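I have placed the structure first, in the form of structure tokens, so that the comments after it can refer back to it.
Okay, structure coming up:
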């Protein structure tokens with residue numbers, strides 16, 4: 002007879018992150034934002050750029066962190082993610098001084114497209130034919 006562990010209770014077949022993953026992701030996001038805000042990154046492409054770490058998704062074993070970044074103002078999010086990938090070893094070392102994990106997660110950076118998606122939905126909702134349907 003197979004036993005179930007109590008940690009997966011109610012999550013069978015679910016791909017939703019656990020509470021542990023969410024807490025660890027938020028901890029990494031805040032610490033990474035602190036490290037970046039100090040401005041001691043020695044990359045000329047990142048020195049004059051303002052950006053935000055919008056979300057960090059942790060793997061179930063907490064060994065991998067996918068960091069979503071968005072440039073503030075107008076900028077190339079792909080180039081920003083590539084520049085952060087170049088300095089990820091430095092960022093990981095600085096992060097290890099801020100937070101304590103059994104294993105410091107490996108960082109990967111991806112551009113955050115959620116703001117672009119929200120803008121596209123907003124444009125769709127303000128189209129005359131959609132506004133007419135919403136008002137009735």
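Numbering (this note's numbering), first residue to last: 2 to 137. Backbone N, C-alpha and C define an ideal beta-carbon position, used for all residues, glycine too. Since this is a predicted model, take the numbers as computed values, not measurements.
Are the Cβ atoms of residue i and residue j separated by less than 8 Å?
| i | j | result |
| --- | --- | --- |
| residue 51 | residue 71 | no |
| residue 96 | residue 33 | yes |
| residue 84 | residue 49 | no |
| residue 59 | residue 82 | no |
Just to confirm my understanding: we take residue i, look at its own chain, exclude 5 residues before and 5 after, and list those with CB closer than 8 Å. What are they?
| i | result |
| --- | --- |
| residue 126 | 132, 135 |
| residue 40 | 48 |
Roughly how many angstroms separate the alpha carbons of residue i and residue j, rounded to a whole number?
| i | j | result |
| --- | --- | --- |
| residue 67 | residue 55 | 11 Å |
| residue 74 | residue 116 | 12 Å |
| residue 11 | residue 62 | Reliability fails at residue 11, whose pLDDT of 49 lies under 50, so the model's placement of it is uncertain and the value that follows must be treated cautiously. For residue 11 and residue 62, the distance between alpha carbons rounds to 19 Å. |
| residue 29 | residue 46 | 23 Å |
| residue 109 | residue 90 | 10 Å |
| residue 123 | residue 77 | 22 Å |
So which of the options has the shortest CA-CA distance to residue i?
| i | options | result |
| --- | --- | --- |
| residue 93 | 37, 22, 21, 19 | 37 |
Within the same chain, show all residues whose beta-carbon is closer than 6 Å to that of residue i, passing over the 5 residues directly before and after it, in chain order.
| i | result |
| --- | --- |
| residue 69 | 55, 56, 111, 113 |
| residue 64 | 104, 106 |
Check your understanding: Which runs of the alpha helix (DSSP H), 4 residues or longer, sit entirely within the segment 21-73?
Key -> Entirely contained in the segment 21-73, the alpha helix (DSSP H) runs reaching 4 residues are, in chain order, 45-48.
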